[in-house]
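Enquirer:
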Amino acid sequence: MARRHLSRRRFLETGVGAALATAATPLAAGALPWVADPPSRSVVSIARVRNGQIGRAVEEAIDLLGGIETAARGKERVMLKPNLVAELPIFTTKPEVVETLARLMKASGREVLIGEGSAAAGGFNVLNAQTFRTKKREILDGMQQHVFDKLGYSDLARSLHVPLVNLHSGEMVDVSLTDGLAFETLTLHRSLTDIDLLCSVPMMKTHTLATVSLAMKNLIGLYPGTVYYSVRSWMHDRAHEKGSPGVAYEIVDMVRANRTGLAVIDGSSAMQGNGPTMGTLVDMNLIVAGTNPLAADMVATTLMGIDPEEVPTFTCAHLAGMHPRTLDEIEIRGHRIEESRRTFVRPQVVPWASINKLWGVKEL
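Quick note on our numbering: the sequence shown kicks off at 1289 and runs consecutively.
(1) On the DSSP bridge list, what partners appear for C1487?
(2) Please tell me whether R1336 and L1615 are closer than 9 Å, where the distance is taken between their beta carbons.
(3) When we look at the beta-carbon of G1340 and count the other beta-carbons within 10 Å, is it buried (16 or more) or exposed?
(4) Output needed for D1554: all residues of its chain with C-beta closer than 6 Å, excluding positions within five of it in sequence on either side, in chain order.
(5) What does the Cβ neighbour count give for P1564, buried or exposed, with the cut at 16 atoms within 10 Å?
(6) From the DSSP output, in three-state form, read off G1509 for me.
(7) Given this structure, state the Cα-to-Cα distance separating N1661 from A1551, to the nearest angstrom.
(8) Using the DSSP secondary-structure output, state which residues sit across from M1559 in a beta bridge.
(9) Are V1450 and V1500 closer than 9 Å when you measure CB to CB?
(10) Taking 9 Å as the threshold (C-beta atoms), are P1533 and C1604 in contact?
(11) Kindly confirm or deny that the region 1424 to 1436 and the region 1583 to 1603 touch, where touching means at least three C-beta pairs closer than 8 Å.
(12) Is the beta carbon of R1329 less than 9 Å from the beta carbon of E1597?
(13) What whole-angstrom Cβ distance do L1368 and V1453 have, given they're in contact under 8 Å?
(14) T1388 and E1347 look like a contact to me (Cβ under 8 Å); what is the Cβ gap, rounded to whole Å?
(15) Curious, which full-length beta strand (DSSP E) runs of at least 3 residues does the region 1561 to 1624 contain?
(16) Rounded C-beta distance between S1406 and Q1433? I'm assuming under 8 Å.
(17) Could you work out which residue in G1403, P1635 and R1613 is closest to I1483 when comparing CA atoms only?
(18) Distance check for V1519 and V1638, CA to CA, integer angstroms please.
(19) Within 10 angstroms of its Cβ, does K1530 collect 16 or more other Cβ (buried), or is it exposed?
(20) Considering only the beta carbon of each residue, do A1470 and R1526 sit closer than 9 Å?
(21) Quick check on this structure: which residue in P1612, M1393 and P1512 has the alpha carbon closest to the alpha carbon of E1357?
(22) What separation, rounded to the nearest whole angstrom, lies between the Cα atoms of F1379 and D1467?
(23) On the premise that L1465 lies in contact with L1476, defined as a C-beta separation below 8 Å, what is that separation, rounded to the nearest angstrom?
(24) Rounded C-beta distance between T1548 and P1512? I'm assuming under 8 Å.
(25) Exposed or buried, G1578, counting other C-beta atoms within 10 Å across all chains shown (16 or more means buried)?
(26) Assign G1397 to buried or exposed, taking buried as 16 or more other Cβ atoms, counted over all protein chains shown, within 10 Å of its Cβ.
(27) Of the choices H1611, Q1560, R1344 and V1576, whose alpha-carbon is the least far from that of T1631?
(28) Enumerate in chain order the residues of its own chain whose CB-to-CB distance from M1460 is below 8 Å, with the five nearest sequence positions on each side excluded.
(29) Per DSSP, what kind of secondary structure is I1539 in: helix, strand or coil?
(30) On the DSSP bridge assignment, give the partners of R1338 in chain order.
(31) Taking the alpha-carbon positions, what's the G1430 to F1412 distance?
See the structure below:
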């Protein structure tokens, strides 16, 4: 099938830039008997960043959950997954948040990894103002190392003696889903099946495809580029064929395919408007944490002045049996929502069908 290329400017202006700026036993390779959360009261904490001390706010948020022993109870091997969509710090998770979590985990005797599969980077799959999709390992490996280096994560990993995992390439494992929304099987990096806790550490952002980009949306970065292409257009195409609203099906499938648990949302600086890369920054000075990613996302969404019922990912998660369903099922500790809520500029939500007409990114 012929593919049309899109200039980077056109790519960003149309909202396609959203793709850039888009139980404790070890997981058994080949199958995942995922069980929905019981309808019990989830706990989410809200901590304020004071005097720029982001790490201290992360510690406070974890303390409000009962400390790291409670937040990671029964977990021994943990992967921290920041949102490093591309190489610019203004729309990515701050290293201080991940560093603090890594130190807390290591101090409690846990093994820690940091993993990511970034979407794009200049000089790799963005060339001469054009964005390309690729499955080539040599491009993806160079791109991922470049993003780690530019955002300070390579230095962070060396200082903490924590391995960085490029989730785009390496040994892969097929994981079966029960009643998957878009996919019956997902291919994941082997490291994701060897951990017993995946901790999503996103930046708080709006999103032109997903409405919000938080702990659950952050897991789009687990789709390996050597299988699903960089920029993930092939994967979104397949989910759209199944009727995915926004990018909800592919998010929920990936959440259910992993040992998701603790979520820590970096709201020190957030993005409003046409995120996740083309919006404007908002000084929220908050860290939101919870052991249930859906609960943490619902609270963060409310803090952004958006009703959780407006987010297709949450609706699909509820249809898949995930809890909580309402804020009333969540115990909020620390700052009250009313003390910190803002009204974010909404994203111009663009359906994938519209984007797909313009997508056609040339393949490297």
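Don't be surprised by glycine CBs; every beta carbon is placed ideally from N, CA and C. No experiment lies behind these values; they were computed from the predicted model shown.
Expert: A quick look at the data gives this:
(1) L1368
(2) no
(3) exposed
(4) Answer for D1554: T1381, K1382, V1385 and M1491, listed in chain order.
(5) By the 10 Å Cβ count, P1564 comes out buried.
(6) Helix at G1509.
(7) No information on residue 1661 is available, as it lies outside the stretch 1289 to 1652 that the chain covers here.
(8) K1493 and L1569
(9) Between V1450 and V1500, the CB-CB gap reaches or exceeds 9 Å.
(10) yes
(11) no
(12) no
(13) The C-beta distance from L1368 to V1453 rounds to 10 Å, too long to meet the 8 Å contact threshold.
(14) About 6 Å; that satisfies the 8 Å criterion.
(15) 1568 to 1570, 1574 to 1578 and 1618 to 1622
(16) Actually they are not in contact, since the Cβ atoms of S1406 and Q1433 sit about 10 Å apart, beyond 8 Å.
(17) G1403
(18) Taken atom to atom, the span from the alpha-carbon of V1638 to that of V1519 is near 16 Å.
(19) exposed
(20) Contact flag set, yes.
(21) M1393
(22) 33 Å
(23) Not really, about 11 Å apart at Cβ, beyond 8 Å.
(24) Contact flag wrong, Cβ pair sits at about 17 Å.
(25) buried
(26) exposed
(27) Q1560
(28) T1475, L1476, H1477, R1478, P1512, T1514 and V1515
(29) helix
(30) Looking at the DSSP assignment, R1338 forms no beta bridge with any residue, so it has no partner.
(31) 7 Å
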